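Residue numbers (this note's numbering): 8 to 191. What follows is a short report on a single structure.
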């Protein structure tokens, strides 16, 4: 390796953050404002066939309208459609799923599209997987896939490092320099 190559500065890291936010960074420790409170245990429910992550938001909307004085929440379907941004058919389907999995009880009323909703606390993981063995199978299958994928990706990374190491050793042998001093 010539002296001009050896004195060449290392290439600058050109990674950059791409953002279109135009707002300050969201910090959970200092955040203020209005929030939907959504229990973290809802994450387990995503492993149930037919359960969609967006249903977490619907649960949060309804749960945050719960009135302890009455013992239920009573938003109209129109209010829920406006806040959830879904059609009446999707809204009803998602409410049925929340009822099916035990997160919501619904009392229908004879007042058009106004029902009474009682949100229920989500189950803890162990209890959840006992109640929903299919969800446990889905979870285990996905975790296995992730594990295999991670091992495969780490293996590719090791191969790449080994190739670079071999190239560095070859260059060092050709120029009689220490491979540890070479930069990429």
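Backbone N, C-alpha and C define an ideal beta-carbon position, used for all residues, glycine too. Given the structure is predicted, the values throughout are model-derived calculations rather than measurements.
Three-state secondary structure (DSSP) of residue 80: Assignment of residue 80 by DSSP, reduced to helix, strand and coil, places it in the strand class.
Supposed contact pair residue 45 and residue 63 - C-beta distance, whole angstroms, cut 8 Å: 6 Å between Cβ atoms; contact.
Along the alpha helix (DSSP H) that carries residue 132, what are the first and last residues, could you check? In this chain, the alpha helix (DSSP H) harbouring residue 132 covers 132-138.
If you follow the alpha helix (DSSP H) that residue 108 is part of, which residue opens it and which one closes it? No alpha helix (DSSP H) holds residue 108; DSSP gives it neither H nor E.
Specify whether the region 49-58 and the region 143-162 touch according to this definition: at least 3 beta carbon pairs, one from each stretch, less than 8 Å apart. Taking a cut-off of 8 Å for Cβ pairs, the region 49-58 and the region 143-162 touch, as three or more such pairs fall below it.
Please state whether the Cβ-Cβ distance between residue 125 and residue 79 is less than 7 Å. Closer than 7 Å, so yes.
Top-ranked residue by Cα proximity to residue 121, from 87, 33 and 39: Checked all of 87, 33 and 39; the closest Cα to residue 121 is 87.
Just list the residues that DSSP pairs residue 155 with in beta bridges. Paired residues: none, contrary to the question.
Three-state secondary structure assigned by DSSP to residue 124: Per DSSP, reduced to three states, the secondary structure at residue 124 is strand.
Here's the rule I'm using: 16 or more other beta-carbon atoms within 10 Å means buried, otherwise exposed. How should residue 155 be labelled? Exposed is the call here.
Can you list, in chain order, the residues of its chain whose CB lies under 6 Å from that of residue 101, leaving out five sequence neighbours each side? Within the same chain, residue 101 has close Cβ partners 62 and 65.
From residue 109 to residue 139, what does the alpha carbon distance come to, in whole angstroms? Computed Cα separation, rounded: 11 Å.
Tell me the DSSP secondary structure of residue 66 in three-state form. Residue 66 falls in the helix class under three-state DSSP.
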